[in-house]
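For reference, the structure discussed in these notes is given below.
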Amino acid sequence: MTFRITFLGTGGGRHTTMYQVRSTGGMLIEHDGKMLNVDPGPGALVQMQRIHYDVCNTSSLIISHCHPDHYSDAESVAEGMSRGGWEKKGHIYGSPTVIEGDGKLGPCLSAYHLRIVEGYHVFKPGDVLDVDGLRVDIKKAKHSDPTNVGFVFHTEHGLVSYVSDTEFTEEIARQYIGSRVLILPVTTPMGNRIKYHLCTDDAISFIDIVKPELAIFIHLGVVIIRRGPDGEAALAEKSTGVRTIAGRDLMVLDVGEELSISDAETFEGGWIPPSSV
Ligand SMILES: [Zn+2]
Ligand SMILES: [Zn+2]
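Going by the numbering used here, the first residue of the sequence shown is number 7, and it counts up by one from there.
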């Protein structure tokens, strides 16, 4: 069984997103031949074009919460999954604000886009999903969208966790104990704590509790990008003793017996996938 994550984007927060200092395209996960888009914010479609990934091959879409850096490209991904709306294919998973809206936030997808796919599902912390054969556990977060969650992916080679936007609490961190890979949204650098997000100090506390084999910083805001994400990751590695790296756009993580990191091959110019004709 393969389990490969392509980081379509490693940016997060309002300013990184509005200026696309880094892409905010979320993650593309390949598991046993199935493709899953996770949190496709601005840039997801552009990055998929750059690596010549045909979005019609996506079988499911997961959206953690209703902030644009996590969902703005989602309707186009839904159109990809359903081959432009011609085939009722693909599943969408989202928190209540994503699928239903709560009067203040969302929904993230129009009624039309929910209707063109095969099915859509609202999740909450504690749920266990079967996403095209991949077990995904839904975990609690503490964020300005109160319905936000994190995810634990059960791979043949251990647990891979994507902690979506949250502030640090011990209870939240403890949910991820046992993870082999911990993907953390580190929005701000050391000494720059802001509400509802993690700074490097919080990431260190988080990693100390979970003790994964590898920690990866993503969702980088402009201040941590200016400060230097590699240096911030190195501070965390020094303090925790856990291998910690800063994600980079189009980085690829293969989870097998070994964890292997590489970069996706990119291509220039327009590309029209064969499936479109
Ligand atoms: Zn975010
Ligand atoms: Zn958010």
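A virtual CB, placed ideally from N, CA and C, is assigned to each residue, including glycine.
Worksheet entry | Proximal residues to S101 (C-beta, below 8 Å), its chain only, five neighbours per side dropped | Apart from the 5 residues on each side of it in sequence, S101 sits with its Cβ closer than 8 Å to the Cβ of I69, S70, H71, C72, V128, F129, K130, D151, T153, N154 and V155 in its chain, given in chain order.
Discussion item. Measuring alpha carbon to alpha carbon, tell me which residue in S211, R89, D207 and T193 is nearest V229.
Written reply: T193
Worksheet item: Taking the C-alpha atoms as reference points, what is the distance between G262 and L188?
Response: Computed Cα separation, rounded: 15 Å.
Worksheet item: On the three-state DSSP scale, how would you describe A270?
Response: coil
Discussion item. Does G109 pass the burial test, meaning 16 or more other C-beta atoms within 10 Å, or should it be called exposed?
Written reply: exposed
Worksheet entry | Proximity test, G18 beta-carbon vs ligand 1 heavy atom, cut-off 7 Å | yes
Worksheet item: Nearest to R15 by alpha carbon, out of M7, G31 and L67?
Response: It should be noted that the sequence gives Gly, not Arg, for residue 15. Residue G31 is the option with its Cα nearest to G15.
Worksheet item: So, is K145 buried or exposed, given that buried needs 16 or more other C-beta atoms within 10 angstroms?
Response: buried
Discussion item. Buried or exposed for F273, going by 16 or more other Cβ atoms inside 10 Å?
Written reply: exposed
Discussion item. Please state the DSSP three-state secondary structure of L241.
Written reply: helix
Item to complete: Could you tell me the distance, in whole angstroms, from the CA atom of H225 to the CA atom of P191?
Response: Between the C-alpha atoms of H225 and P191 there is a straight-line separation of about 5 Å.
Worksheet item: For R141, which three-state DSSP category applies?
Response: strand
Practice prompt. Apply the 10 Å Cβ neighbour rule to A179 and answer buried if 16 or more other Cβ atoms are within range, or exposed otherwise.
Written response: buried
Discussion item. Going by DSSP, what residue range makes up the alpha helix (DSSP H) through M24?
Written reply: R20 to Y25
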